[in-house]
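Under this note's numbering, the residues of the sequence shown are numbered 372 to 701, in order. Below is one structure, written out as structure tokens; the observations come after it.
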Amino acid sequence: MYFFKKIKSFFFPEKRRFTAIIIYGFVLGVIFFGLADRVIQYTSSDQFCMSCHVHPHAEETWRLSPHYNTRTGTIVNCADCHLPPPGNLRYLTSKAEAGIRDVYGWIFKDPEKINWEAKRSVEAAIGHTYMESCMSCHQNHFPAELSREGMLAHLHFRDNKERDDLNCLNCHLHVGHFRGFDPKTRTISLEPEEALPDDFFTKAAEVREFTPFVETIPGTSVSFKMLPISGGTFYMGSPEGEPGRDESEGPQRNVEISPFFMAEVEVTWEMYLAFFRETVSEGRSIASASVVADRALGVDAISGPTPPWGAPDQGWGWGNRPAITMTFHA
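In structure tokens, the structure reads:
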């Protein structure tokens, strides 16, 4: 007893006992969280996952997938898809839930009696992956080499995020574990058969007077107001004696403009994407670098827009915001 009293008085002196408790508590906390972090990192490693997940070809199909065999050499690890992005409480709770489920299966289930082919369905895969993890890596949904079908699919996904049946795996089921692509596994259509909305337009507006009117885009619910602009004449160019005049600003001449209609606001993304969906299949496969190149290729608005470079809205927003980042040809 005397020995323990001496130890207590050494580590927790009577005069500084409260301070000592705080210091030792802080040290023990650092040690605990340091060890916990090491445990979390180790149990999230590919080696640890593969030690339990020994079902047929789990590792082999992962190494053949686009998430392992990449152009840049970047490897997407097991925890990158099968856990939420780290840094929040959901990561820890999901990790604990997956661990409990895997330990239960390892102890009480016979891998030989499990129908592994049924586990390859979209419904089963969604239960073991997290869409926010997909988004944390794939932040640009319109990369330069995206195919036409990919553009339409990503536009469809962006416009229908509120739908519960839309998930990245609807189209990308085989990117994590590749066993040959089967188009039958795709579970969404780019042109779903849905009831048309009440404001769905079947034909364009008929203009019979030179007055404001509302234009409608057939096949969509998009409309916009057009305003009449009266014709007239004006002088184009700068007078020869004007200070600061550039040679290209002349000669000054009289120009006559016929009456025309102009939209009340700039072309919005809703308007532009209606055009994009209808004409993208006819667009050029290589984006033009200059006006000279445009002329050489014979680019015009009828041929359709070229594939977008990066996120077309540049973070400014979609919907009724002005459409940006395309050339005047489109």
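Ideal Cβ placement from N, Cα and C applies to all residues, glycine included. All figures in this text were calculated on a predicted structure; none of them were measured in a lab.
Exposed or buried, what is residue i when buried is set at 16 or more other beta-carbons lying within 10 Å of its beta-carbon?
i, result
"F549", "buried"
"M502", "exposed"
"F706", "Nothing can be reported for residue 706, as the shown portion of the chain is limited to 372 through 701."
"F647", "buried"
"S504", "buried"
"S652", "Because the pLDDT at S652 is just 49, under 50, the model does not fix this residue reliably, and the point stays unresolved."
"C508", "exposed"
"T414", "exposed"
"Y439", "buried"
"P482", "exposed"
"V662", "Confidence in V662 is poor, its pLDDT being 43 and thus under 50, which makes the residue's placement unreliable; the coordinate value appears in the next sentence. When all chains shown are included, V662 counts as exposed."
"P683", "buried"
"V401", "exposed"
"V593", "buried"
"A489", "exposed"
"E547", "First, the residue type needs correcting, since residue 547 is Gly and not Glu in the sequence shown. So G547 counts as buried."
"A524", "buried"
"L406", "exposed"
"M522", "buried"
"L460", "exposed"
"W687", "exposed"
"H545", "buried"
"W433", "buried"
"L526", "buried"
"L644", "buried"
What are the partner residues of residue i, as DSSP defines its beta bridges?
i, result
"T587", "S594"
"M506", "According to DSSP, M506 bridges with nothing at all."
"R624", "M607"
"P693", "T639"
Can you tell me whether DSSP reads residue i as helix, strand or coil?
i, result
"I446", "coil"
"E653", "Confidence at E653 is low in this model, with a pLDDT of 46, below 50, so its placement is unreliable and the value that follows should be read with caution. Of the three classes helix, strand and coil, the one that applies to E653 here is helix, per DSSP."
"P599", "strand"
"T582", "coil"
"P455", "coil"
"Y413", "helix"
"W433", "helix"
"T572", "Sequence check: residue 572 is Phe here, not Thr. Three-state DSSP puts F572 in coil, outside helix and strand."
"N511", "coil"
"G688", "coil"
"H438", "coil"
"S619", "helix"
"C542", "coil"
"H525", "helix"
"R648", "helix"
"L399", "helix"
"F419", "helix"
"G612", "coil"
"L517", "coil"
"A407", "helix"
"H683", "Per the sequence presented here, residue 683 reads as Pro, with His not at that position. P683 falls in the coil class under three-state DSSP."
"G547", "coil"
"Y501", "coil"
Starting from residue i and walking both ways along the beta strand (DSSP E), at which residues does that stretch end?
i, result
"F632", "F631 to A634"
"I497", "No beta strand (DSSP E) contains I497, which is instead part of the alpha helix (DSSP H) from V493 to I497."
Using 6 Å as the cut-off, classify the Cβ of residue i as near or not near the heavy atoms of the ligand GTP, replying yes or no.
i, result
"A450", "The ligand GTP is not part of the structure shown, which contains no ligands of any sort."
Hey, quick one: how far does the alpha helix (DSSP H) through residue i stretch, first residue to last?
i, result
"D473", "L460 to F479"
"W487", "Segment: none, W487 is in no alpha helix (DSSP H) and carries neither H nor E."
"L533", "The residue asked about is misnamed: residue 533 is Glu in this sequence, not Leu. First-last for E533: undefined, no H or E at that position."
Under 7 Å, Cβ to Cβ, is there at least one residue of chain B near residue i?
i, result
"V398", "No chain B appears in the structure shown, which is made up of a single protein chain."
Check: When the Cβ atoms of the region 449-458 are set against those of the region 408-428, are three or more pairs found closer than 8 Å?
Finding: yes
Notebook entry, point to check: Can at least three beta-carbon pairs, one atom from the region 491-508 and one from the region 528-540, be found at a separation below 8 Å?
Noted result: yes
Next item on the list: Inspect the CB distances between the region 631-648 and the region 686-701 and report whether three or more fall short of 8 Å.
Entry: yes
Item checked: the region 621-629 in contact with the region 593-612 per 3-pair CB rule at 8 Å -> yes
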